[in-house]
Amino acid sequence: MKALPLFFRAVALASAPALLLISCACGPGPEDLPPPASATGADEFVDEVRQLSAEKGLPAARQYLVGALAERDDSNGRMESRLKKASADPDFVYSDSLAALPESERARIGIAFIPGMKAKGGLKPSKPVQALAAAAAESREMGFQARLIPAVSRGRISKNAAAMSSALAEVFAESDQVILLAKSKGAHDLIYYLRHQGAELPPEERKKLKAVCILAGTVQGSFVADWFANSCATWATSSRALLAATGRGAQIGMLQNVATSPWKGLPHTFPRDTYPNVSFINLVVLPDGEDGRSTGTVWSPFMREQIEKTAGWESPNDTLVETAAETLPEWVDAPQWIVRTSGSHAFPKGEYLDGSKVTPFTQPLEDGTLNPECGAEIMNAFLRSLPRSLLD
């Protein structure tokens, strides 16, 4: 406890009962590492990559992922190739893409954007939310219906899904075809919504859902959220104690939610029994460093270092989510198109696997952080490459 800053020591002492209870609920011991993916509802693929990382190291696991992700891609590399070409040439439009549809048809396609953890931040929206807002604006400029769905900053999954429900119901009611796009933790919120509030929509409305696009999403949970929610490490328990002592205990519950796969406990008939026409498009991020780790960071470098030192295990990740966990569980019976990128959770700053930039025409800000204008560039390329066959 002496190693903690004075403020944290004071908080920890003031909240000793909470800290004791929180510490008693810590996660697996050294003999259980790496922890079984099933403990948080993730699939055997996540488990396989964890074990490979432990046995052969992160670089070998990353190399394995390059091929394994290609094998899991039901588009057989087509979507990745198309998006890469559209990203490199802003004037190129695939003749069979959504962007090439007649204006009258584009106007009947509704696209909804679901933000992640930082739904709000300070006096103005966070950069990721600004990027999604830019993507929505670009979609409207290209003739589609599009809106950024309101969400609750660091809210529980169920609370966020409820907050999104009425806005998403309007998207379904006003459109002939629907595409839902989620970033990061937004994957949790969206999948919960689809299982609960969305499942209450009339069958004809649910048939309109043609694609769920998830960008660097917590599709099968986040190892960082798991560390904060369950680890016995000093900084993890101190963080939980601080949240409890300052009236933000609900955020611990949110972290526990995000640590667990949103698919855990769902019937294997979902989602096709509820949304018979849906396909998934997952943009996943492989670490770009030679050591099998990401060279970038999108949050606290100090906390990232603490996790690497104390977790006792690693698997290739984008600094917040394991790469393998950014794909659908193996048992989900729905088409999954995978686009592989390399970099960090702030994927617009990254590259495709051939080294070409994801957003070659939008540079990061001077301080190296995400430039929100990247959202418009990515969405423009996405709509110029997404095949209309997705709507059939």
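Okay, so the sequence shown: first residue is -9 according to our numbering, each after it adds one. C-beta: ideal position from N, C-alpha, C; glycine also.
- Item | Residues bridged to W327 [DSSP beta-bridge criterion] | Here the question's residue 327 lines up with position 337 in the sequence shown. I271, per the DSSP bridge assignment.
- Task: Could you tell me whether the Cβ atoms of L138 and A126 are closer together than 7 Å?
- Result: As a working mapping, residue 138 is identified with position 148 in the sequence shown. As a working mapping, residue 126 is identified with position 136 in the sequence shown. The Cβ atoms of L138 and A126 sit closer than 7 Å to each other.
- Which of helix, strand or coil DSSP assigns to P350: Sequence index remark: in the sequence shown, residue 350 carries index 360 (1-based). Of the three classes helix, strand and coil, the one that applies to P350 here is coil, per DSSP.
- Query: Anyone know if the C-beta pair for T300 and P306 falls short of 7 Å?
  - Reply: Here residue 300 is taken as the residue at index 310 of the sequence shown, counted from 1. Here residue 306 is taken as the residue at index 316 of the sequence shown, counted from 1. No.
- Message: Measuring only the C-alpha atoms, how far is P377 from K198?
- Response: In the sequence shown, the residue the question calls residue 377 occupies position 387. In the sequence shown, the residue the question calls residue 198 occupies position 208. Cα atoms of P377 and K198: separation of roughly 16 Å, rounded to the nearest angstrom.
- Roughly how many whole angstroms lie between the Cα atoms of T317 and T227? Taking the first residue of the sequence shown as position 1, residue 317 is located at position 327. Taking the first residue of the sequence shown as position 1, residue 227 is located at position 237. Taking the straight line from one Cα to the other gives about 30 Å.
- Item | Entirely enclosed alpha helix (DSSP H) segments - the region 166 to 204, minimum 4 residues | Here the runs fully enclosed are 176 to 185 and 193 to 196.
- Query: Going by Cα to Cα distance, which pick from P193, N247, K200 and W225 is closest to Q210?
  - Reply: As a first step, residue 210 must be located in the sequence shown, where it is residue number 220. N247 is the residue among P193, N247, K200 and W225 whose C-alpha sits nearest the C-alpha of Q210.
- Message: Which residue marks the beginning of the alpha helix (DSSP H) containing Q41, and which one marks its end?
- Response: Taking the sequence shown and counting its residues from 1, one reaches residue 41 at position 51. The continuous alpha helix (DSSP H) containing Q41 extends over residues E34 to K46.
- Taking Cβ positions, are V202 and F134 nearer each other than 7 Å? On the sequence shown, position 212 is the one that residue 202 refers to. On the sequence shown, position 144 is the one that residue 134 refers to. In this structure, F134 does not lie closer than 7 Å to V202 by Cβ.
- Assigned secondary structure, Q210 (DSSP; H/G/I helix, E/B strand, else coil): Sequence index remark: in the sequence shown, residue 210 carries index 220 (1-based). Q210 falls in the coil class under three-state DSSP.
- DSSP beta-bridge partners of F103: Residue numbering aside, residue 103 sits at position 113 when the sequence shown is read from its first letter. The partner list for F103 (beta bridge, DSSP) reads L138 and L171.
- Sub-7 Å separation of M369 and E128 beta-carbons: For this step, residue 369 is matched to residue 379 along the sequence shown. For this step, residue 128 is matched to residue 138 along the sequence shown. Their beta carbons are under 7 Å apart, which means M369 touches E128 by this criterion.
- Task: Would you kindly report the start and end of the unbroken alpha helix (DSSP H) that includes K299?
- Result: For this step, residue 299 is matched to residue 309 along the sequence shown. From DSSP, the alpha helix (DSSP H) with K299 extends over P291 to T300.
- Message: Taking the alpha helix (DSSP H) that T227 belongs to, which residues open and close that run?
- Response: Translated into positions along the sequence shown, residue 227 becomes position 237. First-last of the alpha helix (DSSP H) with T227: T224 to A235.
- Message: Could you check whether the region 284 to 296 touches the region 27 to 37, counting it as contact only if at least three pairs of C-beta atoms, one from each stretch, sit closer than 8 Å?
- Response: Fewer than three Cβ pairs drawn from the region 284 to 296 and the region 27 to 37 lie within less than 8 Å of each other, which leaves the two stretches out of contact.
- Query: Would DSSP call D382 helix, strand or coil?
  - Reply: Indexing the sequence shown from 1 puts residue 382 at position 392. Coil.
- Going by CA-CA distance only, name the one from W253, E164, A336 and P25 that's closest to A97. As a first step, residue 97 is located in the sequence shown; it is residue number 107 there, counting from the start. Of the candidates W253, E164, A336 and P25, the one whose C-alpha sits nearest the C-alpha of A97 is E164.
- Can you give me the Cβ contacts of E93 inside the same chain, cut-off strictly under 8 Å, excluding the 5 residues immediately before and after it? On the sequence shown, position 103 is the one that residue 93 refers to. Cβ-Cβ distances below 8 Å link E93 to G133 in the same chain, with the five nearest sequence neighbours on each side left out; the list follows chain order.
- Task: Pull up the distance between the alpha-carbon of E320 and that of E61, whole angstroms please.
- Result: Here the question's residue 320 lines up with position 330 in the sequence shown. Here the question's residue 61 lines up with position 71 in the sequence shown. Answer to the nearest angstrom: the Cα atoms are 12 Å apart.
- Message: Any contact between the region 350 to 368 and the region 229 to 245? By contact I mean 3 or more CB pairs, one from each, below 8 Å.
- Response: With the cut-off at 8 Å, the region 350 to 368 and the region 229 to 245 do not touch.
- A51 versus A27 - alpha carbon distance: Here residue 51 is taken as the residue at index 61 of the sequence shown, counted from 1. Here residue 27 is taken as the residue at index 37 of the sequence shown, counted from 1. Each residue's alpha carbon lies about 16 Å from the other.
- CA-to-CA distance, A102 to F260, given in whole angstroms: The residue given as residue 260 occupies position 270 in the sequence shown. The residue given as residue 102 occupies position 112 in the sequence shown. F260 and A102: Cα-Cα distance of roughly 21 Å.
- Task: Figure out for me which residue from A371, K175, S375 and P257 has the closest Cα to the Cα of A215.
- Result: Against the sequence shown, residue 215 aligns to sequence position 225. Ranking the options by Cα distance to A215, first place goes to K175.
- Query: Rounded to a whole number of angstroms, what is the C-alpha to C-alpha distance between G67 and V268?
  - Reply: The residue labelled residue 67 in the question sits at position 77 within the sequence shown. The residue labelled residue 268 in the question sits at position 278 within the sequence shown. In this structure, the alpha-carbon of G67 lies about 19 Å from that of V268.
- Item | Alpha carbon of R40 to alpha carbon of A315, nearest angstrom | For the purposes of this step, residue 40 is taken as the residue at position 50 of the sequence shown. For the purposes of this step, residue 315 is taken as the residue at position 325 of the sequence shown. So the two alpha carbons sit approximately 11 Å from each other.
- Identify whether G31 lies in helix, strand or coil by the three-state DSSP scheme. Against the sequence shown, residue 31 aligns to sequence position 41. DSSP places G31 in coil when its eight states are reduced to three.
- Query: Using the C-alpha atoms, what's the distance from V322 back to P362?
  - Reply: By 1-based counting over the sequence shown, the position of residue 362 is 372. By 1-based counting over the sequence shown, the position of residue 322 is 332. Between P362 and V322, the C-alpha separation is close to 33 Å.
- Identified DSSP bridge partners for N307: On the sequence shown, residue 307 is found 317 positions in, with the first residue counted as 1. For N307, the beta-bridge partners assigned by DSSP are E312.
- With which residues is P277 paired in a DSSP beta bridge? Taking the first residue of the sequence shown as position 1, residue 277 is located at position 287. For P277, the beta-bridge partners assigned by DSSP are G333.
- DSSP beta-bridge partners for Y342? Here the question's residue 342 lines up with position 352 in the sequence shown. According to DSSP, which records beta bridges pairwise, Y342 is partnered with T331.
- Item | Under 7 Å between C-beta atoms of F218 and L245 | Translated into positions along the sequence shown, residue 218 becomes position 228. Translated into positions along the sequence shown, residue 245 becomes position 255. Yes, Cβ-Cβ distance for F218 and L245 is below 7 Å.
- Query: At which residues does the alpha helix (DSSP H) containing E93 begin and terminate?
  - Reply: Taking the sequence shown and counting its residues from 1, the one referred to as residue 93 is at position 103. Segment E93 to R96, the alpha helix (DSSP H) holding E93.
- Counting only the same chain and skipping the five closest in sequence on each side, list residues whose C-beta sits under 6 Å from that of S379. On the sequence shown, position 389 is the one that residue 379 refers to. Taken in chain order, the list of residues that qualify is empty.
- Relative to the C-alpha of G365, which residue among L256, D382, P25 and S116 is closest? On the sequence shown, residue 365 is found 375 positions in, with the first residue counted as 1. Proximity to G365 across L256, D382, P25 and S116 peaks at S116, based on C-alpha coordinates.
- Between E295 and A371, what straight-line distance do the alpha-carbon atoms span, to the nearest angstrom? Counting from 1 along the sequence shown, the entry for residue 295 is found at position 305. Counting from 1 along the sequence shown, the entry for residue 371 is found at position 381. Computed Cα separation, rounded: 35 Å.
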